[in-house]
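Here is the structure we will look at.
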Amino acid sequence: MTYDVIVIGGGIVGLATALKIKQGNPALKLLIIEKENKVAQHQTGHNSGVIHSGLYYKPGSLKATNCIKGYEMLLDFCNKEDIKYDLCGKIVVATRPEQISILDGLFERGAQNGLDGFKMLNKEQLKEYEPHVNGLKGFFVPQTGIIDYIEVCEKYLQKTQELGGEIVFGEKVESITDKGSTSVVNTNKGAYETKLVVNCAGLYSDKVGQMTDVRANKLRITPFRGEYFEIKPEKQYLVKNLIYPVPDPNFPFLGVHFTRMIHGGVEAGPNAVLAFRREGYKKLDIHFGELFETLTWRGFQKVAAKYWRTGLGEMYRSFSKSAFTKALQELIPEIQEDDLIPGGAGVRAQACDYDGGLLDDFAIFENERAVNVCNAPSPAATSSLSIGQTVSELVLKRF
Numbered sequence: 551m552t553y554d555v556i557v558i559g560g561g562i563v564g565l566a567t568a569l570k571i572k573q574g575n576p577a578l579k580l581l582i583i584e585k586e587n588k589v590a591q592h593q594t595g596h597n598s599g600v601i602h603s604g605l606y607y608k609p610g611s612l613k614a615t616n617c618i619k620g621y622e623m624l625l626d627f628c629n630k631e632d633i634k635y636d637l638c639g640k641i642v643v644a645t646r647p648e649q650i651s652i653l654d655g656l657f658e659r660g661a662q663n664g665l666d667g668f669k670m671l672n673k674e675q676l677k678e679y680e681p682h683v684n685g686l687k688g689f690f691v692p693q694t695g696i697i698d699y700i701e702v703c704e705k706y707l708q709k710t711q712e713l714g715g716e717i718v719f720g721e722k723v724e725s726i727t728d729k730g731s732t733s734v735v736n737t738n739k740g741a742y743e744t745k746l747v748v749n750c751a752g753l754y755s756d757k758v759g760q761m762t763d764v765r766a767n768k769l770r771i772t773p774f775r776g777e778y779f780e781i782k783p784e785k786q787y788l789v790k791n792l793i794y795p796v797p798d799p800n801f802p803f804l805g806v807h808f809t810r811m812i813h814g815g816v817e818a819g820p821n822a823v824l825a826f827r828r829e830g831y832k833k834l835d836i837h838f839g840e841l842f843e844t845l846t847w848r849g850f851q852k853v854a855a856k857y858w859r860t861g862l863g864e865m866y867r868s869f870s871k872s873a874f875t876k877a878l879q880e881l882i883p884e885i886q887e888d889d890l891i892p893g894g895a896g897v898r899a900q901a902c903d904y905d906g907g908l909l910d911d912f913a914i915f916e917n918e919r920a921v922n923v924c925n926a927p928s929p930a931a932t933s934s935l936s937i938g939q940t941v942s943e944l945v946l947k948r949f
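According to my numbering, the sequence shown is numbered sequentially starting from 551.
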């Protein structure tokens, strides 16, 4: 089978990219290869379903520009395709005096990113938004919302197929070989020839990238598991919408927070602990080969040396429900340990470079054979159509 473009990965970035390629040039013969039996089975299907505003990201960065543009594109798509979402807004809360300057900086960053409608809140005003919250100061972000990203992915795929795009499920890419003007993508079930490979393999994007571009050797995907609790129904009144802490500015995670979900219920979390395998959704899921690769990667060793105190705290919270509850009580003091029911978990594909940098921005490598999306963490779901547009432009200029 010969194709113009093969997209590897049926998560939200791969599907959005495939859709934008087909919309840009419907005549192109396109195939999506997905190793699972359904779309959105890893990062996309395990996240908290938040539509991000673009608040946190460095002005002018790919994250900031793609999130803000992607936000508008996502809402427009959902309106046209009748996909349910709720722009309920969120509050970001400083609970300690030393967080106030960081909070003020975030408020300013939101303005630099072009967001409007922000509202700074004092202690009393916070209670108007979330009556049970504890905070010294905070602000309201009206753009933040909630959605079901699996439903979004299914619609992306449907629209791609209507334009003639194809997908195969249950096929894992094992190698990519150069055949001169084309490449052959070899899976566990067959081989497919293509003029261009687009790698959107998420948790395995570095591995797939190394098959076509030596630059992918300069980073590794380090998997971080985020674990959630759900609040039992009789205590869900404690949370009206979304409540976030002030994040650690040196760590690329947002801290444990409260999220109302689009289909009902409230989640609390996630923490951020090293996963012992790339698809390790349980504490004791271990793949010794993958764990060895992580631990021996020089970049990870530098990260561990820098953040070991933070990492130990996250690990402690992972194994101690009381410690997890204590972190949540900073935001809502009334929450108790027996109010929390074990929920799901997700694994974030966080790229780490050789010098110990946790990549904060999207990383895209292109050459004549392939376009590799090697780092697309949160807010990639919100940004998916914008990322897909960016990648599709790299693809379409070749045809």
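Beta carbons are placed, not taken as given, at the ideal position from N, Cα and C, and that holds for glycine.
When the five nearest sequence neighbours on each side are left out, the beta carbons in the same chain lying within less than 8 Å of the beta carbon of D756 are those of A766, L769, R770, I771, A901 and C924, in order along the chain.
If you draw a straight line from the Cα of I583 to the Cα of C750, it comes to about 10 Å. Annotation for S933: the continuous alpha helix (DSSP H) segment containing it runs A930 to L946. By the neighbour-count criterion, in which a residue is buried when 16 or more other Cβ atoms sit within 10 angstroms of its Cβ, F657 is buried. Bounds of the alpha helix (DSSP H) holding T846 are F838 to T846.
For E716, DSSP records a beta bridge to L581.
The distance from the Cβ of H813 to that of I793 is about 19 Å, inconsistent with a contact at the 8 Å cut-off.
Rounded to whole angstroms, the Cβ separation of V748 and V555 is 6 Å, and the two are in contact under 8 Å.
One alpha carbon belongs to F668, the other to F719, and they sit about 43 Å apart.
Counted as a single uninterrupted DSSP element, the beta strand (DSSP E) harbouring F915 occupies residues A913 to E916.
Closest in C-alpha terms to G815, from the list T860, R848, I571 and Y778, comes Y778. By the neighbour-count criterion, in which a residue is buried when 16 or more other Cβ atoms sit within 10 angstroms of its Cβ, I836 is exposed.
With fewer than 16 other beta carbons inside 10 angstroms of its own, K876 counts as exposed. Contact check for M623 and I696: beta-carbon distance about 18 Å, past the 8 Å limit, so the pair fails to qualify.
Around the beta carbon of N663, 16 or more other beta carbons lie within 10 angstroms, which makes this residue buried.
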